[in-house]
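Reading through the structure tokens given below for one structure.
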Amino acid sequence: MLKPFFLYVFLLCCLSVKASIGHQLPLFLSKPLGLNPRVEALAFMYPAQAPLIFDAGNEANAYTDQFFGVGAQSQNDNSSNAFRHSLWNALAVKKLKDAGANDATANDIVQQFTSAYEYNDAGTALVKTAASAMDLHNNLVGRSFKNYTTVNQLLDSLFLKSIEPKVITSTLSQILASHNADVNTAWDLLENTDSSGLNVSKFLVRIDPCTVSLALNHTITDTVKFEVSTNIQAQNILSPSAKVTYDAQNYVLLNPGFKADQGSTFSAYVDGCGNK
1 MLKPFFLYVF
11 LLCCLSVKAS
21 IGHQLPLFLS
31 KPLGLNPRVE
41 ALAFMYPAQA
51 PLIFDAGNEA
61 NAYTDQFFGV
71 GAQSQNDNSS
81 NAFRHSLWNA
91 LAVKKLKDAG
101 ANDATANDIV
111 QQFTSAYEYN
121 DAGTALVKTA
131 ASAMDLHNNL
141 VGRSFKNYTT
151 VNQLLDSLFL
161 KSIEPKVITS
171 TLSQILASHN
181 ADVNTAWDLL
191 ENTDSSGLNV
201 SKFLVRIDPC
211 TVSLALNHTI
221 TDTVKFEVST
231 NIQAQNILSP
241 SAKVTYDAQN
251 YVLLNPGFKA
261 DQGSTFSAYV
271 DGCGNK
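Sequential numbering of the sequence shown, starting at 1, is according to full-length UniProt numbering.
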């Protein structure tokens, strides 16, 4: 961890010295994902691991656009954001382990980096908002996905966790309370827990209940309603036990491959979030 504080200050000083004597920043810092000085300090502390973590972030962004529509990687507080954060952490841990790190080391380094993104612009303090609590919780859930065998298996698992009804709409107080501790301890656990060692809900959480768009390719067997603010594109199968509603503000598009099996119940509305 970048604790105690003097270690963090030392790393920032090293960063300043490197810049002042003409050393170039590593190439991966020239195209940051939104770096603050705390992330930069970690990049110098872990020069071999940082590019892998940044690569995992870029991959998570691309997959988020693939599953939730172009531009979804820039959305906050909703299901696509929950998917992106959890996927980033899962991919990053796997990349570090593939590069030779053991499980504990990989989780620890990824935790340090992804938690650092929730700090203020100066990199000196954790931003304690509902959005940060959501991101930290979903990071933690993502790091618990250690044993998947293929990326597609991981994508399917986290996508299903990130869309209704698998994702929980929560307030800041509810996210903190789910960690079974007082407020200050809950923040510390959210920021500093390496992986799934903490006994918390493995559900992803969101603040905004309205997803922007969805591309549905998975068989649905349950009772579920999807509400989005733009469009739903579906080429999935509804099993006989499914009771499904697609509700989109602009349109619902049933592509080749969509099938509602006999016995299922299916409804579609052009209505959007929070109305019907």
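In this text, a Cβ means the ideal position worked out from N, Cα and C, and glycines have one as well.
These numbers come from a predicted model, not from an experiment.
Using a Cβ-Cβ cut-off of 8 Å (strictly less than) and excluding sequence neighbours within five positions of residue i, which residues of its own chain qualify?
i: residue 160; result: 166, 218
i: residue 256; result: 235
Rounded to whole angstroms, what is the Cα-Cα separation between residue i and residue j?
i: residue 196; j: residue 206; result: Note on residue 196: pLDDT 47, under 50, position unreliable in the model; no value is reported.
i: residue 122; j: residue 44; result: 17 Å
i: residue 181; j: residue 139; result: 19 Å
i: residue 128; j: residue 174; result: 14 Å
i: residue 112; j: residue 241; result: 43 Å
i: residue 130; j: residue 65; result: 23 Å
i: residue 194; j: residue 267; result: 42 Å
i: residue 117; j: residue 264; result: 44 Å
i: residue 260; j: residue 233; result: 15 Å
i: residue 107; j: residue 100; result: 13 Å
i: residue 39; j: residue 172; result: 25 Å
Under 6 Å Cβ to Cβ from residue i, same chain only, skipping five residues before and after it: list those, please.
i: residue 231; result: 213, 248, 250, 251
i: residue 210; result: 229, 273
In chain order, what residues of the same chain lie with their CB nearer than 7 Å to the CB of residue i, ignoring the 5 residues before and after it?
i: residue 262; result: 240
i: residue 46; result: 109
Would you call residue i buried or exposed, if buried means 16 or more other Cβ atoms sit within 10 Å of its Cβ?
i: residue 133; result: buried
i: residue 98; result: exposed
i: residue 222; result: exposed
i: residue 62; result: exposed
i: residue 149; result: exposed
i: residue 185; result: exposed
i: residue 114; result: buried
Given 8 Å as the limit, is there contact between the segment 78-86 and the segment 48-56, that is, 3 or more CB pairs closer than that?
Flag = no, the segment 78-86 and the segment 48-56 do not touch.
Counting only runs of 3+ residues fully inside the segment 138-219, write out the beta strand (DSSP E) ranges in chain order.
At a cut-off of 3 residues, the continuous stretches assigned as beta strand (DSSP E) that sit fully inside the segment 138-219 are 211-216.
Every unbroken alpha helix (DSSP H) inside the segment 76-103 [4 residues or more]:
Complete alpha helix (DSSP H) runs here, min 4: 79-98.
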